[in-house]
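Worksheet: one structure, shown below.
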Amino acid sequence: NGKQGWYASGYAFGMWRGVLAAVGLKTVLVEPPKWKADMGLTGTDKTRSREMAMEQFPEVSSKLSRVKDHGRAEALLLALWGQQSSAESRREDA
(Lines of atoms letter the chains of each structure in order from A; the text may use other names.)
(Lines give C-alpha, C1' and ligand atoms only; values in the text may rest on other atoms or scores of the structure.)
Protein backbone atom coordinates (compact mmCIF):
# COMPACT_ATOMS: atom_id res chain seq x y z
CA ASN A 383 0.00 0.00 0.00
CA GLY A 384 1.41 3.38 -0.98
CA LYS A 385 0.24 5.19 2.15
CA GLN A 386 1.85 2.64 4.43
CA GLY A 387 5.10 2.86 2.47
CA TRP A 388 5.22 6.64 2.74
CA TYR A 389 4.42 6.46 6.44
CA ALA A 390 7.10 3.84 7.11
CA SER A 391 9.69 5.83 5.17
CA GLY A 392 8.88 9.01 7.05
CA TYR A 393 8.91 7.19 10.36
CA ALA A 394 12.29 5.61 9.66
CA PHE A 395 13.68 8.96 8.50
CA GLY A 396 12.57 10.57 11.74
CA MET A 397 13.99 7.74 13.80
CA TRP A 398 17.41 8.07 12.14
CA ARG A 399 17.44 11.84 12.67
CA GLY A 400 16.50 11.31 16.32
CA VAL A 401 19.22 8.71 16.88
CA LEU A 402 21.84 10.89 15.24
CA ALA A 403 20.78 13.91 17.31
CA ALA A 404 20.85 11.81 20.49
CA VAL A 405 24.51 10.94 19.91
CA GLY A 406 25.35 14.55 19.09
CA LEU A 407 25.64 14.32 15.31
CA LYS A 408 24.31 17.17 13.23
CA THR A 409 22.21 16.32 10.18
CA VAL A 410 21.80 18.53 7.13
CA LEU A 411 19.07 18.05 4.55
CA VAL A 412 20.33 18.54 1.02
CA GLU A 413 18.66 18.09 -2.34
CA PRO A 414 20.42 15.82 -4.86
CA PRO A 415 21.00 18.63 -7.41
CA LYS A 416 22.96 20.60 -4.78
CA TRP A 417 25.38 17.90 -3.63
CA LYS A 418 25.77 16.46 -7.12
CA ALA A 419 26.66 19.91 -8.50
CA ASP A 420 29.19 20.44 -5.72
CA MET A 421 30.73 17.04 -6.50
CA GLY A 422 30.86 17.74 -10.25
CA LEU A 423 28.23 15.14 -11.14
CA THR A 424 25.65 17.40 -12.78
CA GLY A 425 24.72 16.07 -16.19
CA THR A 426 26.55 12.78 -15.73
CA ASP A 427 25.15 9.29 -15.65
CA LYS A 428 25.14 6.72 -12.85
CA THR A 429 28.33 5.17 -14.18
CA ARG A 430 30.23 8.36 -13.36
CA SER A 431 28.97 8.22 -9.77
CA ARG A 432 30.30 4.67 -9.46
CA GLU A 433 33.63 5.64 -11.02
CA MET A 434 34.05 8.60 -8.69
CA ALA A 435 33.14 6.53 -5.64
CA MET A 436 35.67 3.87 -6.67
CA GLU A 437 38.33 6.59 -7.01
CA GLN A 438 37.50 8.12 -3.64
CA PHE A 439 36.99 4.83 -1.81
CA PRO A 440 39.32 2.28 -3.45
CA GLU A 441 39.08 -0.03 -0.44
CA VAL A 442 35.43 -0.77 -1.32
CA SER A 443 35.66 -0.57 -5.11
CA SER A 444 34.80 -4.25 -5.45
CA LYS A 445 31.42 -3.44 -3.88
CA LEU A 446 30.76 -0.82 -6.59
CA SER A 447 31.62 -2.75 -9.73
CA ARG A 448 28.09 -3.61 -10.87
CA VAL A 449 25.78 -1.15 -12.63
CA LYS A 450 23.17 -1.72 -9.93
CA ASP A 451 25.65 -0.51 -7.28
CA HIS A 452 25.08 3.14 -8.25
CA GLY A 453 22.91 3.75 -5.16
CA ARG A 454 25.68 2.52 -2.87
CA ALA A 455 28.14 4.73 -4.76
CA GLU A 456 25.93 7.78 -4.40
CA ALA A 457 25.49 7.11 -0.68
CA LEU A 458 29.28 7.16 -0.28
CA LEU A 459 29.59 10.34 -2.34
CA LEU A 460 26.82 12.02 -0.36
CA ALA A 461 28.67 11.17 2.87
CA LEU A 462 31.87 12.57 1.36
CA TRP A 463 30.02 15.73 0.37
CA GLY A 464 28.75 16.06 3.94
CA GLN A 465 32.22 15.62 5.37
CA GLN A 466 33.69 18.19 2.99
CA SER A 467 30.94 20.75 3.49
CA SER A 468 31.19 20.32 7.28
CA ALA A 469 34.93 20.94 7.12
CA GLU A 470 34.33 24.06 5.02
CA SER A 471 31.79 25.34 7.56
CA ARG A 472 34.26 24.86 10.40
CA ARG A 473 36.94 26.81 8.47
CA GLU A 474 34.50 29.64 7.80
CA ASP A 475 33.54 29.79 11.49
CA ALA A 476 37.19 29.97 12.60
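Just so you know, we're using this note's numbering here: the sequence shown kicks off at 383 and counts up by one. Here a beta-carbon is modelled for each residue, glycine too, at the ideal position from N, C-alpha and C.
The three-state secondary structure of Arg448, taken from DSSP, is coil.
In its chain, beyond the 5 residues on either side, Val449 and His452 have a beta carbon closer than 8 Å to the beta carbon of Thr429.
With respect to the C-alpha of Leu460, the residue from Ser431, Asp475, Met397 and Ala403 having the closest C-alpha is Ser431. Classified as buried, Met434 has 16 or more neighbouring CB atoms from the shown chains inside 10 Å of its CB.
The three-state secondary structure of Gly406, taken from DSSP, is coil.
Straight across, the Cα-Cα distance linking Thr424 with Trp463 is about 14 Å.
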